[in-house]
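Report on one structure; see the data block that follows.
2 protein chains.
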Amino acid sequence: MKVLIADDDADLRELIAFTLAQAGYLAIKAADGPSAVRRFAEESADLVVLDVNMPGLSGFQVCEAIRARSRVPVMMLTVRGEEEDLVRALGLGADDYLTKPFSPRTLLARIQALMRRAGMESSAPLAAGRVSLDLGEHTVRIGSAEPVRLTKLELRLLQMLLAHAGRAVSSDRLLVQVWGHRSSGDRQLLKQLVHRLRQKIEPDPAAPALLRTAAAGYKLVVE
Amino acid sequence: MKVLIADDDADLRELIAFTLAQAGYLAIKAADGPSAVRRFAEESADLVVLDVNMPGLSGFQVCEAIRARSRVPVMMLTVRGEEEDLVRALGLGADDYLTKPFSPRTLLARIQALMRRAGMESSAPLAAGRVSLDLGEHTVRIGSAEPVRLTKLELRLLQMLLAHAGRAVSSDRLLVQVWGHRSSGDRQLLKQLVHRLRQKIEPDPAAPALLRTAAAGYKLVVE
DNA sequence: CCACACTGTAACCGCTTTGTCACCGGCGGA
DNA sequence: TCCGCCGGTGACAAAGCGGTTACAGTGTGG
Numbered sequence: 020m021k022v023l024i025a026d027d028d029a030d031l032r033e034l035i036a037f038t039l040a041q042a043g044y045l046a047i048k049a050a051d052g053p054s055a056v057r058r059f060a061e062e063s064a065d066l067v068v069l070d071v072n073m074p075g076l077s078g079f080q081v082c083e084a085i086r087a088r089s090r091v092p093v094m095m096l097t098v099r100g101e102e103e104d105l106v107r108a109l110g111l112g113a114d115d116y117l118t119k120p121f122s123p124r125t126l127l128a129r130i131q132a133l134m135r136r137a138g139m140e141s142s143a144p145l146a147a148g149r150v151s152l153d154l155g156e157h158t159v160r161i162g163s164a165e166p167v168r169l170t171k172l173e174l175r176l177l178q179m180l181l182a183h184a185g186r187a188v189s190s191d192r193l194l195v196q197v198w199g200h201r202s203s204g205d206r207q208l209l210k211q212l213v214h215r216l217r218q219k220i221e222p223d224p225a226a227p228a229l230l231r232t233a234a235a236g237y238k239l240v241v242e
Numbered sequence: 020m021k022v023l024i025a026d027d028d029a030d031l032r033e034l035i036a037f038t039l040a041q042a043g044y045l046a047i048k049a050a051d052g053p054s055a056v057r058r059f060a061e062e063s064a065d066l067v068v069l070d071v072n073m074p075g076l077s078g079f080q081v082c083e084a085i086r087a088r089s090r091v092p093v094m095m096l097t098v099r100g101e102e103e104d105l106v107r108a109l110g111l112g113a114d115d116y117l118t119k120p121f122s123p124r125t126l127l128a129r130i131q132a133l134m135r136r137a138g139m140e141s142s143a144p145l146a147a148g149r150v151s152l153d154l155g156e157h158t159v160r161i162g163s164a165e166p167v168r169l170t171k172l173e174l175r176l177l178q179m180l181l182a183h184a185g186r187a188v189s190s191d192r193l194l195v196q197v198w199g200h201r202s203s204g205d206r207q208l209l210k211q212l213v214h215r216l217r218q219k220i221e222p223d224p225a226a227p228a229l230l231r232t233a234a235a236g237y238k239l240v241v242e
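First to last, the sequence lines map onto chains A and B. Those letters in the first sequence? Residues 20 to 242, per this note's numbering, in order. Those letters in the second sequence? Residues 20 to 242, per this note's numbering, in order.
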């Protein structure tokens with residue numbers, strides 16, 4: 020599930036991205052209006068979080084541009100007390116509206132509510148290289164092979180690796196992202212999960228080509 | 020369009036009623052929880068505005084009662100800064116949430132947004148593939164077979180699956196949408212309901228062809 | 001009052017998923 | 001060399017989940 024986050028405040032942008040990534044969403048970031056519109060088109064996001072005040076194009080203009088092409092849920096962010104903004108945003112077809120400051124939990128709850136409302140449980144598959152993940156169906160497809168069914172944990176692991184395709188992800192981070200919060204001593208779980216996943220997706224599980232061991236963690240190889 | 024306004028603060032209630040009346044809605048008023056539930060049933064309102072703090076039954080309880088019977092849009096009102104409330108309200112199936120104090124314009128804009136959204140959703144098709152649902156008669160017809168009578172819950176379940184025909188709908192979402200509240204631990208209910216529905220609509224209930232188990236939920240197969 | 005339909009609850013089965021343990025082999029440092 | 005660490009592997013037990021049967025409570029209509 021891809022969420023586009025457009026905000027020129029780097030701190031806030033990263034905070035939102037981190038919160039959503041923890042919740043299993045794939046965060047796509049943009050720092051200004053024009054790049055938000057571009058990235059939306061490129062990535063075909065499933066939900067958009069838009070700051071009202073952005074350089075280039077305002078959140079309103081971005082919202083308008085997006086609405087011209089798509090009915091994807093849009094959540095607008097603005098500073099407190101600008102009532103005009105709220106009315107304008109909802110008039111432009113935004114689906115929800117949040118005033119800063121807000122807590123990550125609040126944001127997450129509303130985003131989940133929007134997703135639920137939009138009926139977007141399943142969505143376009145995530146893909147990188149020959150690996151494409153279908154979150155709705157809980158399957159991966161490697162190249163043109165038959166899709167393989169994955170369990171919840173396998174799916175989550177692969178999703179995290181896919182989100183950082185080509186780069187190594189540390190064991191600690193994977194533990195946190197897949198299980199939520201584990202002591203770093205719990206490598207055994209990860210070891211097993213990787214093993215099981217390799218059995219499913221590697222042509223030769225003994226010589227991993229896709230899911231490789233990397234410095235202090237693992238990485239997904241996409242050529 | 021009828022809007023039910025439930026708030027024990029007479030001033031606020033009248034203010035909201037006046038605002039909505041100006042905008043062309045028919046306002047129905049209730050001053051406490053039990054009368055809100057009663058009036059909702061009597062008047063079959065198209066949208067509900069609920070204060071969280073009310074005598075008799077809290078806004079949450081009223082929301083739960085309404086969700087048990089209807090998917091009408093619900094907007095909750097509460098005092099500022101009660102983050103728990105927000106999470107809880109959205110979890111119970113409320114559609115929007117506003118913190119006091121708010122301006123009448125804000126309320127109106129959000130209510131109109133909710134109405135718009137509800138209007139879009141109500142156009143959801145009642146048929147897909149060989150499955151067609153008659154909400155008035157409480158029946159389904161599979162292909163050209165005889166229509167089958169469904170119970171209230173079976174109808175709701177099928178309606179939800181039909182709204183996302185071909186895609187998987189998670190158990191949690193089905194629980195919220197069919198029963199209205201329910202914690203995700205209550206899978207037993209869903210299990211039973213699916214079983215009973217399959218007995219009615221599947222040619223061979225032991226090998227489901229229409230209502231299939233999918234990743235973390237169920238889906239309706241339409242070829 | 002009884003019969004019936006509807007809904008909720010419990011218990012059981014079989015399969016899958018997940019957590020845990022034990023062991024192996026390579027590698028680097030004491 | 002010996003030892004400990006680390007990743008990989010196989011095996012097994014615990015937990016979870018879906019399907020099913022059975023039964024209890026409730027409300028309705030005859």
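C-beta atoms are modelled at their ideal positions from N, C-alpha and C, and glycine is treated no differently. Bear in mind that the values here come from a model prediction, so they are computed numbers and not experimental data.
Buried or exposed for residue i, please, with buried defined as at least 16 other CB atoms from any protein chain shown within 10 angstroms of its CB.
i	result
S142(B)	Annotation note: pLDDT 49 at S142(B) (below 50); position unreliable, coordinate value reported separately. Exposed, by the Cβ-count rule.
T173(A)	Per the sequence shown, the amino acid found at residue 173(A) is Glu instead of Thr. Under this definition E173(A) is a buried residue.
E140(A)	Low confidence applies here, because E140(A) scores a pLDDT of 47, under 50, leaving its location unreliable; read the following figure in that light. Counting Cβ neighbours within 10 Å, E140(A) comes out buried, since at least 16 surround it.
Q232(B)	Strictly speaking, residue 232(B) in this sequence is Thr, with Gln absent from that position. That one is exposed.
A49(A)	buried
P120(A)	exposed
D30(B)	exposed
E156(A)	buried
P74(B)	exposed
E214(B)	Here residue 214(B) turns out to be His, not Glu, going by the sequence shown. So H214(B) ends up on the exposed side.
L126(B)	buried
G199(A)	exposed
M20(B)	exposed
A235(A)	exposed
G78(A)	buried
Looking at residue i: is its Cβ nearer than 8 Å to the Cβ of residue j?
i	j	result
I35(B)	V81(B)	no
I47(B)	M94(B)	no
A226(B)	V240(B)	no
K238(A)	R160(A)	no
L193(A)	L177(A)	no
L181(B)	A147(B)	yes
D27(A)	D65(A)	no
P123(B)	T38(B)	yes
L96(A)	V71(A)	yes
F59(A)	L23(A)	yes
R86(A)	G112(A)	yes
L230(A)	E221(A)	yes
V167(B)	M179(B)	no
A128(B)	L169(A)	no
If the cut is a Cβ gap below 9 Å, which residues of chain B does residue i touch?
i	result
R86(A)	Correct list: empty, because the minimum Cβ distance to chain B is about 12 Å.
G78(A)	Neighbours of G78(A) on chain B: none; closest Cβ ~16 Å, over 9 Å.
How would you list, in chain order, the residues of chain A whose beta-carbon sits under 8 Å from the beta-carbon of residue i?
i	result
R32(B)	Those do not exist, as R32(B) stays about 21 Å from chain A at its closest Cβ, beyond 8 Å.
R149(B)	The contacting residues do not exist; R149(B) stays about 22 Å from chain A at best.
For residue i, report the span of its beta strand (DSSP E) as first-last.
i	result
T38(B)	Per DSSP, T38(B) belongs to no beta strand (DSSP E); it is in the alpha helix (DSSP H), 29 to 41.
R231(B)	230 to 233
D115(A)	115 to 119
A46(B)	45 to 49
A25(B)	21 to 25
L69(A)	66 to 70
V159(B)	158 to 161
L239(A)	236 to 239
Quick one: list the residues of chain A neighbouring residue i, beta-carbon separation under 9 Å, in chain order.
i	result
L109(B)	A128, R129, Q131, A132, R135
A225(B)	Within 9 Å Cβ-Cβ: nothing; A225(B) doesn't reach chain A, min ~21 Å.
A228(B)	Simply none; closest approach about 18 Å.
A40(B)	Result: empty, since nearest Cβ-Cβ is about 19 Å, beyond 9 Å.
Note the first and the last residue of the continuous alpha helix (DSSP H) segment covering residue i.
i	result
V56(A)	52 to 62
D205(A)	No alpha helix (DSSP H) contains D205(A), which DSSP labels as neither H nor E.
V195(A)	190 to 198
R149(B)	R149(B) -> no alpha helix (DSSP H), and no H or E assigned at all.
L172(B)	171 to 182
At a CB-CB cut-off below 8 Å, which residues of chain B make contact with residue i?
i	result
V106(A)	R124, T125, A128
Using a Cβ cut-off of 7 Å, pull out every chain B residue sitting near residue i, in sequence order please.
i	result
H183(A)	What H183(A) touches in chain B: nothing, since even the nearest Cβ is about 23 Å away.
Below 7 Å on C-beta distance, what does residue i contact in chain A?
i	result
A49(B)	Under the 7 Å cutoff, chain A gives no residues; its nearest Cβ is about 25 Å from A49(B).
A64(B)	None at all; the shortest Cβ gap to chain A is about 19 Å.
Inset, instruction - Let me know the beta strand (DSSP E) ranges lying completely inside the stretch 79 to 113 of chain B, each 3 residues or longer, listed in chain order. - result: 93 to 98
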